[in-house]
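Enquirer:
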Amino acid sequence: MLMGDVEAAKVEPSRKNGWNLPPSRKQVVAWTVLIILGVLHFTSLVPALRTSWQPVAHIVPAVVLTFHLIVHLTAMSIDPSDDNVLQNKCPKLKIDRSKHEHVIENSHCNICQVDVAVTSKHCRACNKCVQNFDHHCEYMNTCIGGKNYRWFIATVVSAVVAIAWESGLAVMEFVTYFTDQASRRILQPYIDLGPMQHYKEADFKIFLQSVPHEVWLTMLAVYFVLGFLAIALFGQLLGYHIYFIYHNMSTYDYILAQRRKSQEVVASNKKCCHKKKNKVHPAPDSSPTNYGNSTSLSPPDIQTPTDPENNNNSSKLAPSLDQYTLHVINKCVTTNRLLPPLQGDKTAGLQTVVDIEM
Ligand SMILES: [Zn+2]
Ligand SMILES: [Zn+2]
């Protein structure tokens, strides 16, 4: 690099792991929900169960949550950077677009200033190259790559198990509030009542403090809704990663494959519409260059991730999934700030794909 380049370039900070400040909004929300659900479980749900069931209701989620905390914090703490980036002490530079069209060129990162592995990608959010890049996770506020992928999967699995257990207990207690009023065999506040006492006199608690029955039922309903949303989110995430693992592909590979496929569909539809239009309305001035959005699908714009600028791409296959799946993965990806959502004009999206490194 020339001295002039160094002087002109700005040094850009990079993130090491999920502990770097500031925390992401989703990271704060995830931890808040995790803590609220956990504390409520041990101080509100378990005490309402009959005494003989309480040890199991304490131990099972305690073990799962402890495991979750260990793997979650480990996944957050690992620096998934490319090995050469870790060894390289040069500062990260702001890329000079007048000199470099793309961040990674011929396996050399122009920001990290080092040669990187072919599976490495430069994450915009972390501003560093990540080995075996999978995706940038905002819930952990760090990149997920080869070095922390297993810990990430263990985090998602344990979260699904813990939340399913806790939400299931909330639903069971909500139902038994109504069904156990006479038999009084499941909920301890009912069991504690004398034979002549009305069920309305039962002592239900939140945070170990007595509350009116309506408040306790509302807490259960809110708990279940929160738990259901969390299970839907993490369950869906887990389903995708099981699919990716089965097909030996990364999230990044999948996104690129879906975008290529979407590009092909749009190009095919536009060609089809153009042929129909010419057939029905053979306007004298119509020409192959005068239809649709000429800027969106011209051959130079239809670049694939295997173009030179994206030489580290390792896409393997383009699985066939429906539009709902595309919507979901778009949502997932855009919330991770990797790529913009797929829209009618795919050229802009594709350009961003090839420029994902920066
Ligand atoms: Zn880099
Ligand atoms: Zn990242």
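My numbering numbers the first residue of the sequence shown as 689 and each following residue consecutively.
From the three backbone atoms N, C-alpha and C, an ideal C-beta is built for every residue, glycine too.
Cβ of CYS831 within 6 Å of any heavy atom in ligand 2?
Expert: yes
Enquirer: Determine the extent of the beta strand (DSSP E) in which ILE832 is found, giving its start and end residues.
Expert: 830 to 832
Enquirer: Regarding HIS823 and ligand 2, is the C-beta to nearest heavy atom distance less than 6 Å?
Expert: No, Cβ of HIS823 sits at least 6 Å from all heavy atoms of ligand 2.
Enquirer: Is CYS817 near ligand 2, in the sense that its beta carbon is under 6 Å from a heavy atom of that ligand?
Expert: no
Enquirer: What is the rounded straight-line gap between the Cα of PHE916 and the Cα of ALA745?
Expert: 19 Å
Enquirer: Report the rounded CA-to-CA distance for TYR934 versus LYS959, giving the unit in angstroms.
Expert: 35 Å
Enquirer: Could you give the first and the last residue of the continuous beta strand (DSSP E) run that contains LYS816?
Expert: Counting along the chain, the beta strand (DSSP E) containing LYS816 begins and ends at 816 to 818.
Enquirer: From the DSSP output, which residues share a beta bridge with ILE894?
Expert: GLN897
Enquirer: Taking the straight line between their C-alpha atoms, what separation do you get for ASN815 and GLU826?
Expert: 14 Å
Enquirer: Does DSSP put TYR1012 in a helix, in a strand, or in coil?
Expert: In this prediction, TYR1012 has a pLDDT of 37, which is less than 50 and means its spatial position is unreliable; what the coordinates show is noted afterwards. The three-state reading of DSSP puts TYR1012 in helix, counting H, G and I together.
Enquirer: Are there three or more Cβ pairs, one per stretch, closer than 8 Å when the stretch 726 to 738 is compared with the stretch 852 to 869?
Expert: yes
Enquirer: May I ask you to report which of helix, strand or coil DSSP gives ILE799?
Expert: coil
Enquirer: Looking only at its chain, what residues have a beta carbon closer than 6 Å to the beta carbon of GLY706, apart from the 5 residues adjacent to it on each side?
Expert: Here the set comprises MET764, MET828, ASN829, THR830.
Enquirer: Output needed for VAL849: all residues of its chain with C-beta closer than 6 Å, excluding positions within five of it in sequence on either side, in chain order.
Expert: VAL752
Enquirer: Note down, in chain order, each residue of its chain lying with its Cβ closer than 6 Å to the Cβ of SER1008, except the 5 sequence neighbours on either side.
Expert: Low confidence applies here, because SER1008 scores a pLDDT of 40, under 50, leaving its location unreliable and the question unanswered by this model.
Enquirer: Looking only at its own chain, which residues have a Cβ that is under 7 Å from the Cβ of PRO877, when we skip the five neighbours before and after it?
Expert: ALA736, ALA890, ASP891, PHE892
Enquirer: Identify every residue that forms a DSSP beta bridge with ILE792.
Expert: ILE792 is bridged to CYS797.
Enquirer: Could you tell me the alpha carbon to alpha carbon distance between SER846 and PRO711, rounded to whole angstroms?
Expert: When rounded, the distance between both Cα atoms is 22 Å.
Enquirer: So if DSSP puts CYS811 in a beta bridge, which residue, or which two residues, is it bridged to?
Expert: LYS816
Enquirer: TRP853 to ILE832, Cα distance in whole Å?
Expert: 27 Å
Enquirer: Any heavy atom of ligand 2 inside 6 Å of the beta-carbon of CYS797?
Expert: Result no, Cβ not under 6 Å from ligand 2.
Enquirer: Which residues in the same chain have their Cβ closer than 7 Å to the Cβ of THR805, if we skip the five residues on either side of it in sequence?
Expert: The sequence shown places Ala at residue 805, not Thr. Answer for ALA805: ASP770, GLN819, listed in chain order.
Enquirer: Can CYS800 be considered in contact with ligand 2, in the sense that its beta carbon sits closer than 6 Å to one or more heavy atoms?
Expert: no
Enquirer: Shorter than 6 Å, the distance from the beta carbon of ALA813 to the closest heavy atom of ligand 2, or not?
Expert: yes
Enquirer: Tell me whether LEU881 sits in a helix, a strand or coil according to DSSP, three-state version.
Expert: Looking at LEU881 - three-state DSSP - the assignment turns out to be coil, as it is neither helix nor strand.
Enquirer: Spatial neighbours of LYS714 within its chain, please: CB distance less than 6 Å, with the 5 preceding and 5 following residues excluded, ordered by chain position.
Expert: Same-chain partners within the cutoff: GLU826, TYR827.
Enquirer: Could you give the distance in angstroms between the alpha-carbon of ARG703 and the alpha-carbon of MET907?
Expert: 39 Å
Enquirer: Are the Cβ atoms of ASP803 and ASN772 separated by less than 7 Å?
Expert: yes
Enquirer: Is DSSP giving LYS704 helix, strand or coil here?
Expert: coil
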